[in-house]
Amino acid sequence: MSNDPTHQFLIQKIVPLNVGGYDVSFTNASLFMVATVAVASGFLYFSSSSRSLIPGRSQSLAEMSYEFIANMLREGAGSHGMKFFPMVFSLFMFVLTANLLGMVPYFFTVTSQIIVTFALALFVIGTVIVYGFYKHGLGFLNLFVPSGVPGALLPLVVAIEVISFLSRPISLSVRLFANLLAGHITLKVFAGFVASLGALGALGVGGAVLPLIMTVALTGLEFLVAFLQAYVFAVLTCMYLNDAVHPGGH
Amino acid sequence: MFVTPAYAEETTAQPAPAAADAAATEAHGAPAAEETHTETGVAHEGGPKVFPPFDSTTFASQLLWLVITFGLFYLLMQKVIAPRIGGILEDRKSRISKDLNEAASLKKEADLAVETYEKELAQAKAKANTIASEAREAAKGKAAAERAAVEAELTKKVTEAEGRIAEIKAKAFADVGTIATETASAVVERLIGGSVAPADVAAAVASAKQEG
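The listed protein sequences correspond, in order, to chains D and U.
The UniProt record's numbering applies: residue 1 is where the first sequence begins, and numbers increase by one.
The UniProt record's numbering applies: residue 1 is where the second sequence begins, and numbers increase by one.
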C-alpha cells in the first residue's frame with residue numbers, strides 16, 4: 001500500500017515474457033484485461049444461454065444492453081451501419097466492464113492506460129478509414145468537402161475538417177483515459193486525506209469526516225462516470241462509423 | 001534509461017530491452033512506496049520514475065494482451081453472443097407479431113360469428129312475429145266462430161224459453177178465468193146462500209176481466 005495516488009496505475013509483471021526483443025510480460029494490466037473479457041463474456045454467455053421467450057433478470061439485462069447499442073447504432077449510423085454492431089457492442093461492453101471492474105478497491109483499471117484507450121480509438125478510426133475507402137473509394141474523401149460551402153471558403157473548411165478528423169482518435173482516447181485516471185486519482189487523494197488526518201488524533205478524526213463524505217460522494221460519481229464514458233465512447237464510435245457509411249451525409 | 005524517463009518514445013527504441021526492462025521494473029516497484037510525488041506523478045528532476053500510464057516500456061505488453069483479449073472478446077461477440085441475443089429478440093418479435101395476427105384473425109372470426117348470430121336472431125324474431133300473429137289471427141277467428149256458435153245456441157235457447165214462457169203465460173191466463181169463475185160462484189154462494197148459474201158467473205167474470 002502506498003499513499004502515492006499514481007501507484008494504482010503501475011504495471012507490475014506477473015509472468016515475465018520477452019518475444020523478439022519486446023517485453024510482452026503478462027502483467028496486472030493483462031490480468032485485468034482477461035478478467036474484463038471473462039466477466040463480460042461470461043455474463044453475456046450465461047445470461048442468454050437459456051434463450052427464454054420470457055427473459056429472467058440477467059437475460060433482460062443482456063437484452064437491454066444489446067438493444068441499447070443496437071438503437072444507438074441505428075440512430076447514429078442508420079440501418080446500413082448495423083453490420084458494425086458486433087464491433088460497437090464489444091467496445092461498449094469491454095470499456096464498461098473494465099471501468100466498473102476498476103471501481104473495485106485494489107483492482108487495476110485497464111482503461112486508465114492511455115495506450116489501451118488509444119489502441120481502441122485507433123481501431124475505431126482505422127475501421128472507419130478502411131471501410132470508407134473500401135465502400136466508397138475516393139468518394140470517401142467527400143467527407144472532408146461539405147456541400148454548400150462557397151468556393152473561397154472551401155480550402156479553409158477542408159483544412160478544418162481534416163484536422164478535426166485527425167484529432168478524433170486523440171480526443172476519443174484521451175477523453176476516456178483522462179476521465180478514468182482523474183477520477184481514480186481524486187478518489188485516492190481524498191481517501192488518503194481520511195487516513196492521514198485520522199492518524200493525527202481526535203481533532204484529525206473530526207477533520208477526516210469531510211474528506212470521507214467526499215470519498216463516498218466521489219465513489220458514486222465515479223460509477224456514473226464509468227458508465228457515461230463507456231456510453232460516450234460507443235456513441236462517438238457510432239457517429240464516426242456513420243461517416244464511413246454515409247460520407248456525404250453532412 | 002534512468003535519467004530521461006519522462007518521454008516514453010525514446011525508451012521503446014532501446015536496443016537492449018531485456019536489461020532495460022528489468023531495471024525499469026525495479027525502478028517502479030520498490031521505491032514507489034516511500035516517495036512522495038505530485039499528483040501528476042511525473043518525475044521532474046530526472047527522477048527514476050515516469051507517470052505509469054506514460055511508461056512506454058509497458059506499451060508492447062499492453063498492446064499485445066489487449067489485442068489477444070479484445071480480439072477474443074470481439075470474436076465471441078460476433079460469432080456467439082450477438083447472433084444469439086439478436087435471435088432471442090427476433091424470435092420474440094416474430095412470436096408477438098404471429099400472436100397478434102392470430103388474435104386479429106380470431107377477432108375477425110368472432111365478429112363474423114356475431115354478425116351471423118345477429119342476422120339469424122333478426123330472422124328468427126321476424127319468423128316468431130309472423131308465427132305469433134298468424135296464431136293470434138287463427139285464435140281470434142276460432143274464438144269468434146265459437147262465440148257466434150254459442151251466441152246462436154243461446155239465442156235459440158232464449159227463444160225457446162220465451163216461447164215456453166208465453167205458452168205457460170197463456171195457459172195461466174186461460175186458467176185465470178176458470179179460477180175466477182169458481183171463486184166468484186163460491187163467494188156468491190156464501191153471500192146469497194143459494195147457487196147461481198155457472199153461465200151467469202162466467203159472463204160476469206168475463207165482463208170484469210174486460211174492464212180490468
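Note that the Cβ used here is the ideal one computed from N, Cα and C, for glycine as well.
Could you tell me whether any Cβ in chain U is nearer than 7 Å to the Cβ of residue i?
| i | result |
| --- | --- |
| Tyr66 of chain D | yes |
| Met33 of chain D | yes |
| Thr6 of chain D | yes |
| Phe43 of chain D | no |
| Leu53 of chain D | yes |
| residue 251 of chain D | Past the edges of chain D, shown from 1 to 250, lies residue 251 of chain D, and the structure says nothing about it. |
| Pro211 of chain D | no |
| Ser164 of chain D | no |
| Ser90 of chain D | yes |
| Thr237 of chain D | no |
| Ser79 of chain D | no |
| Ser48 of chain D | yes |
Please confirm whether residue i has its beta-carbon closer than 7 Å to some beta-carbon of chain D.
| i | result |
| --- | --- |
| Lys61 of chain U | Residue identity check: residue 61 of chain U is Ser in the sequence provided, not Lys. It does; some Cβ of chain D falls within 7 Å. |
| Leu66 of chain U | yes |
| Ala82 of chain U | yes |
| Ile85 of chain U | yes |
| Leu76 of chain U | yes |
| Thr58 of chain U | yes |
Going by other Cβ atoms of all chains shown within 10 Å of its Cβ, with 16 needed for buried, is residue i buried or exposed?
| i | result |
| --- | --- |
| Val205 of chain U | buried |
| His44 of chain U | Unreliable placement is indicated for His44 of chain U, whose pLDDT of 42 sits below 50; the coordinate value is still reported in the next sentence. By the 10 Å Cβ count, His44 of chain U comes out exposed. |
| Ala40 of chain D | buried |
| Ala124 of chain U | exposed |
| Thr159 of chain U | exposed |
| Asn242 of chain D | buried |
| Lys169 of chain U | exposed |
| Asn99 of chain D | buried |
| Asn129 of chain U | exposed |
| Pro86 of chain D | buried |
| residue 250 of chain U | Because chain U in this structure spans residues 1 to 212, residue 250 of chain U falls outside the shown range and cannot be described. |
| Asn179 of chain D | buried |
| Leu53 of chain D | exposed |
| Met72 of chain D | buried |
| Val88 of chain D | buried |
| Ala121 of chain D | buried |
| Thr215 of chain D | buried |
| Ser171 of chain D | exposed |
| Pro31 of chain U | In this predicted model, Pro31 of chain U has a pLDDT of only 43, less than 50, meaning its place in the structure is not dependable enough to derive any value. |
| Ile131 of chain U | exposed |
| Thr6 of chain D | buried |
| Glu222 of chain D | buried |
| Val187 of chain U | exposed |
So residue i contacts chain D; which residues on that side make the cut at Cβ distance below 8 Å?
| i | result |
| --- | --- |
| Leu89 of chain U | Glu63, Tyr66 and Glu67 |
| Thr69 of chain U | Ser30, Met33, Val34, Thr36 and Val37 |
What residues of chain U sit near residue i, judged by a beta carbon separation below 7 Å?
| i | result |
| --- | --- |
| Leu181 of chain D | Pro53 |
| Val116 of chain D | Gln62 and Leu66 |
| Leu172 of chain D | Result: empty, since nearest Cβ-Cβ is about 15 Å, beyond 7 Å. |
| Ala230 of chain D | None at all; the shortest Cβ gap to chain U is about 14 Å. |
| Ala119 of chain D | Leu63 and Leu66 |
| Phe94 of chain D | Phe70 and Phe73 |
| Pro86 of chain D | Tyr74, Met77, Gln78 and Ala82 |
| Ala40 of chain D | Phe73 |
| Ser60 of chain D | Neighbours of Ser60 of chain D on chain U: none; closest Cβ ~11 Å, over 7 Å. |
Give the residues of chain D in contact with residue i, contact being defined as C-beta atoms less than 7 Å apart.
| i | result |
| --- | --- |
| Leu72 of chain U | Val37 |
Closest to residue i by CA distance: which of the options is it?
| i | options | result |
| --- | --- | --- |
| Gln8 of chain D | D:Leu96, D:Thr111 and D:Tyr66 | D:Thr111 |
| Lys209 of chain U | U:Leu75, U:Ala180 and U:Thr155 | U:Ala180 |
| Phe107 of chain D | D:Gly20, D:Ala217, D:Thr27 and D:Gly151 | D:Thr27 |
| Asp55 of chain U | D:Gln12, D:Gly56, D:Met64 and D:Gly198 | D:Gln12 |
| Leu210 of chain D | D:Gly220, D:Phe193, D:Leu221 and D:Glu222 | D:Phe193 |
| Phe140 of chain D | D:Ala70, D:Pro247 and D:Met64 | D:Pro247 |
| Arg92 of chain U | D:Glu63, D:Val130, D:Ala191 and D:Gly81 | D:Glu63 |
| Ala217 of chain D | D:Cys238, D:Ala234, D:Ala191 and D:Val124 | D:Ala191 |
Listing by chain order, which chain U residues have their CB less than 8 Å from the CB of residue i?
| i | result |
| --- | --- |
| Ile125 of chain D | Those do not exist, as Ile125 of chain D stays about 16 Å from chain U at its closest Cβ, beyond 8 Å. |
| Thr27 of chain D | Thr58, Ser61, Gln62 and Trp65 |
| Ser112 of chain D | Pro53 |
Looking at the ligand NAD, does it come within less than 6 Å of residue i, judged from the CB to the closest heavy atom?
| i | result |
| --- | --- |
| Tyr134 of chain D | Absence of the ligand NAD is noted for the structure shown, with no ligands found whatsoever. |
Chain U partners of residue i, CB-CB under 9 Å?
| i | result |
| --- | --- |
| Ser196 of chain D | By Cβ distance, chain U contributes nothing, its closest Cβ being about 11 Å from Ser196 of chain D, past 9 Å. |
*asked:* My parser needs the alpha helix (DSSP H) runs of 4 or more residues fully inside the stretch 28-82 of chain D; what are they?
replied: 28-47 and 57-77
_Contiguous alpha helix (DSSP H) assignments of at least 4 residues, all confined to the stretch 45-78 of chain U_ = 59-76
*Of all the beta strand (DSSP E) runs that stay within the bounds of the stretch 144-177 of chain U, which reach a length of 3 or more residues?*
none
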